[in-house]
Amino acid sequence: DTEVIQTPKHLVMGMTNKKSLKCEQHMGHRAMYWYKQKAKKPPELMFVYSYEKLSINESVPSRFSPECPNSSLLNLHLHALQPEDSALYLCASSHGPRNYEQYFGPGTRLTVT
Amino acid sequence: GEDVEQSLFLSVREGDSSVINCTYTDSSSTYLYWYKQEPGAGLQLLTYIFSNMDMKQDQRLTVLLNKKDKHLSLRIADTQTGDSAIYFCAETLDYGGSQGNLIFGKGTKLSVKP
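Going down the list, the sequences are from chains A and B.
Oh and the first sequence: position 76 is 76 in my numbering, straight run, nothing missing.
Oh and the second sequence: position 6 is 119 in my numbering, straight run, nothing missing.
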């Protein structure tokens, strides 16, 4: 099973809402990642969790708050987002931190109104 | 610095071969990757090559690496309409034996005409 599962598939939220994106993998991977992808652009790394601890935060605004409850789950909590935060949010995982094979989920298409 | 460059578009006819090219600047690249992204979907790891290799073949896919010129290519034989997608070249750099983060090119949109 090489699947990374992301829910929801689509999300529309207002600027005052609080919502969460969820990511799940059952491959026994110990590193998990959040990426943001704008239209016609490559993915941009946001956060890296390694062994359930936040190891990289690429200067992401605090309105994005990641959480790793256990080694299989990764959440991204959203609060007071701006319309320019609308994007495809991709989760990925790899066997270990800085491992060369990252597996990506299908993404959550977020629209902020 | 870190930079990965790709041409933005490629159009081929079904049944032809496609060649997608990529150049990178950092000589400490250790792994180079090709990812495929279909519309509205996530990224699918197609193949990767270690920097001490020249070539890797996997079914219809052939990866060629010219380390001297820092040039990577992906050849898709017998291209099908289902191969239409954006193809991202990416690299990771060596940090004392562990890999750094993925550095992506801007992606090449492959259009396959029937």
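C-beta: ideal position from N, C-alpha, C; glycine also.
Every value quoted in this text rests on a predicted model; they were computed, and no experiment measured them.
Residue range of the beta strand (DSSP E) that Arg-126/B falls in? To locate residue 126/B, count along the second sequence from 1; it is residue 13. That run of the beta strand (DSSP E) goes 122-126.
Would you kindly work out how many angstroms separate the C-alpha atoms of Lys-180/B and Gln-82/A, rounded to a whole number? Numbered from 1 along the second sequence, position 67 holds the residue referred to as residue 180/B. Numbered from 1 along the first sequence, position 82 holds the residue referred to as residue 82/A. Near 43 Å, if we compare the C-alpha coordinates of Gln-82/A and Lys-180/B.
Min CB distance Phe-122/B to chain A below 8 Å: As a working note, residue 122/B is residue 9 in the second sequence. So, not an interface residue.
Same chain, Cβ closer than 6 Å to Leu-88/A, five either side skipped, listed in chain order: For the purposes of this step, residue 88/A is taken as residue 88 along the first sequence, with counting starting at 1. Hits under 6 Å: Gln-37, Gly-107 and Arg-109.
Cα-Cα separation, Pro-97/A to Pro-227/B: Taking the first residue of the first sequence as position 1, residue 97/A is located at position 97. Taking the first residue of the second sequence as position 1, residue 227/B is located at position 114. About 42 Å.
Does the beta carbon of Gly-105/A fall short of 7 Å from some heavy atom of the ligand SAM? Although the ligand SAM was asked about, the structure shown includes no ligands whatsoever.
Determine the closest residue to Lys-219/B out of Ser-20/A, His-29/A, Gln-25/A and Pro-42/A, with distance taken between C-alpha atoms. As a position in the second sequence, residue 219/B is number 106, starting the count at 1. Among Ser-20/A, His-29/A, Gln-25/A and Pro-42/A, the Cα nearest to that of Lys-219/B belongs to Pro-42/A.
I want to verify the contact list: residues of chain B whose CB lies under 7 Å from the CB of Tyr-103/A, in sequence order. Walking along the first sequence from the start, residue 103/A turns up at place 103. What Tyr-103/A touches in chain B: Leu-158.
Taking only beta-carbon atoms, is Leu-90/A less than 8 Å away from chain B? Translated into positions along the first sequence, residue 90/A becomes position 90. Chain B, which has a Cβ nearer than 8 Å to the Cβ of Leu-90/A, makes this yes.
Hey, does Pro-83/A have any beta-carbon neighbour from chain B nearer than 8 Å? What you label residue 83/A is simply residue 83 of the first sequence in a count that begins at 1. With 8 Å as the cut-off, Pro-83/A does not count as an interface residue toward chain B.
Under 8 Å, do Lys-149/B and Ala-203/B count as touching if we go by C-beta distance? Here residue 149/B refers to the residue found at position 36 when the second sequence is read from its first residue. Here residue 203/B refers to the residue found at position 90 when the second sequence is read from its first residue. No, the Cβ-Cβ distance between Lys-149/B and Ala-203/B is not below 8 Å.
DSSP beta-bridge partners for Glu-67/A? Counting from one through the first sequence, the residue named residue 67/A turns up at place 67. DSSP lists Asn-75/A as partners of Glu-67/A.
Assuming the contact rule is C-beta atoms closer than 8 Å, Cys-91/A and Met-46/A should be a hit. Round their C-beta distance to whole Å, please. Residue numbering aside, residue 91/A sits at position 91 when the first sequence is read from its first letter. Residue numbering aside, residue 46/A sits at position 46 when the first sequence is read from its first letter. Contact flag wrong, Cβ pair sits at about 10 Å.
Pairwise C-alpha distance: Glu-151/B and Ile-189/B: As a working mapping, residue 189/B is identified with position 76 in the second sequence. As a working mapping, residue 151/B is identified with position 38 in the second sequence. Roughly 16 Å separates the two Cα atoms.
Count the C-beta pairs between the segment 21-28 of chain A and the segment 4-11 of chain A that are closer than 8 Å, then say yes if the count reaches three, no if not. yes
Let me see if you follow: with CB-CB separation under 8 Å, is Gly-218/B close to chain A or not? Within the second sequence, residue 218/B is the residue found at index 105, counting from 1. Chain A, which has a Cβ nearer than 8 Å to the Cβ of Gly-218/B, makes this yes.
Start-to-end residues for the beta strand (DSSP E) that takes in Glu-24/A: As a working note, residue 24/A is residue 24 in the first sequence. Unbroken beta strand (DSSP E) run through Glu-24/A: 18-25.
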